[in-house]
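Here is the structure we will look at, set down as structure tokens.
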Amino acid sequence: MLEALSLDGKVTIVTGGGTGLGRAMVNALARAGSDIVLASRRPGPIEETAQEVRDLGRRALAVPTDVTESGRVNSMVQRSLDEFGKVDILINNAAMLGAPRTPIWDVTDEEWRLGIDANLTSAFYCARAVAKHMVNRGQGKIINVASGFGTRGGRDMYTYTCGKGGLIQLTRTLAMSLGPYGVTANTIVPGFIPTKGADAMRESLPRAAEFIPMGRFPKPEDIGPIAVFLASDASNYMNGETMTIDGGGLAGGFAPTGHAPVIPLEELRRR
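Here you go:
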């Protein structure tokens, strides 16, 4: 069983791998044996994380990349192939919350495009760039990191919920299209993880952790083992699946039974 979970000799591309959830997954993958390519717009964080990978005895390549630009994505994948000769695993983790929570009539065309490009189009570009290589080798794994908000609505969160929901559908379409060639696609759906980049949402959900059955938000380190499992041979027959890791938040509705956001919680408790 442990051999099936080993990533020795594998090469993994992780977008958004320099901070938060991405950094935690990178460290878990490297500890399992994988060499890593880190892609992100900011060079500083991915180079720091790449050094952590090297300190673990694995090879790492940091490639500053705006994954919303297809040409730069193609260049990043080509650099990965030039450096390592192959790509076994792609983890599409790069994302952004997009436009602030505002009524739909205040969401601009630019904000819509920016949010959808960051959360969905970027993953399509990356998957497209590696797919033929994986198909030609007869193996490969694509792992998309979505969100609980990709499976439910979020008030005034148009670009994020639509982008993450579309990402789940992209996974399913990749699974149907590439599965016959030995390439699988699966989705990780984390609960809300209060990382530094999610300060605004953390402030808007100050008591939400009370309503998760496990009583806390997930930590980035909680997701690493799931990424290793989906990247490994242990998950070879999983394809098109969605793995939710949120402490039971979606199972419990992410709020007390009967609670509606339009009703103040204290008023509900008095009833």
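Add 137 to the 1-based position in the sequence shown for our numbering, that's all there is to it. Think of the CB as a built atom: it goes at the ideal place given N, C-alpha and C, for glycine as much as any other residue. Please read all numbers here as calculations on a predicted model, not as lab measurements.
Residue i and residue j look like a contact to me (Cβ under 8 Å); what is the Cβ gap, rounded to whole Å?
i	j	result
GLY287	THR298	7 Å
LEU304	ASN281	5 Å
VAL200	ARG178	That belief does not hold up - the Cβ atoms of VAL200 and ARG178 are roughly 11 Å apart, past 8 Å.
ALA388	PRO350	7 Å
GLY300	ASN229	Their Cβ separation, rounded to whole angstroms, is 11 Å, which puts GLY300 and ASN229 out of contact at 8 Å.
Which residues in the same chain have their Cβ closer than 6 Å to the Cβ of residue i, if we skip the five residues on either side of it in sequence?
i	result
GLY319	GLY275 and GLN276
ASN211	ALA266
PRO94	Past the edges of the chain, shown from 138 to 408, lies residue 94, and the structure says nothing about it.
Just the Cα atoms here: how many angstroms apart are residue i and residue j?
i	j	result
ARG292	ARG238	7 Å
ALA232	LYS278	19 Å
GLN188	TYR295	37 Å
ARG353	ARG289	20 Å
GLY173	ARG196	For clarity, residue 173 is Ile in the given sequence; the question names Gly instead. Their Cα atoms are separated by approximately 6 Å.
GLY385	MET271	34 Å
LEU234	ASP219	33 Å
THR202	ARG191	20 Å
TRP249	GLY302	15 Å
THR324	VAL214	21 Å
GLY328	ASP254	22 Å
ALA283	THR186	22 Å
ARG265	GLU184	25 Å
ALA322	THR381	15 Å
GLN306	ASP246	23 Å
ASN373	ILE330	28 Å
PHE221	PRO355	33 Å
ALA371	ASN273	22 Å
VAL244	ILE226	35 Å
Return yes when the Cβ of residue j is within less than 7 Å of the Cβ of residue i, no when it is not.
i	j	result
VAL267	VAL326	no
SER171	LEU144	yes
LEU193	ALA169	no
ASP383	GLY285	yes
LEU142	SER369	yes
LEU175	GLY157	no
Quick check: does the Cβ of residue i come within less than 6 Å of any heavy atom belonging to the ligand MG?
i	result
ALA197	Only the bare structure without any ligand can be found here, which leaves the ligand MG out of the picture.
Residues in its own chain within less than 7 Å of residue i by CB, not counting five upstream and five downstream?
i	result
ALA165	GLY361, PRO362, ALA364 and VAL365
Would you say the stretch 355-372 touches the stretch 147-162, given that touching needs at least three Cβ pairs under 8 Å? yes
Under 8 Å: do the stretch 259-268 and the stretch 198-211 share three or more Cβ pairs, one atom per stretch? yes
Under 8 Å: do the stretch 305-315 and the stretch 375-388 share three or more Cβ pairs, one atom per stretch? yes
Pairing CB atoms from the stretch 240-249 with CB atoms from the stretch 159-170, are three or more of them under 8 Å? no
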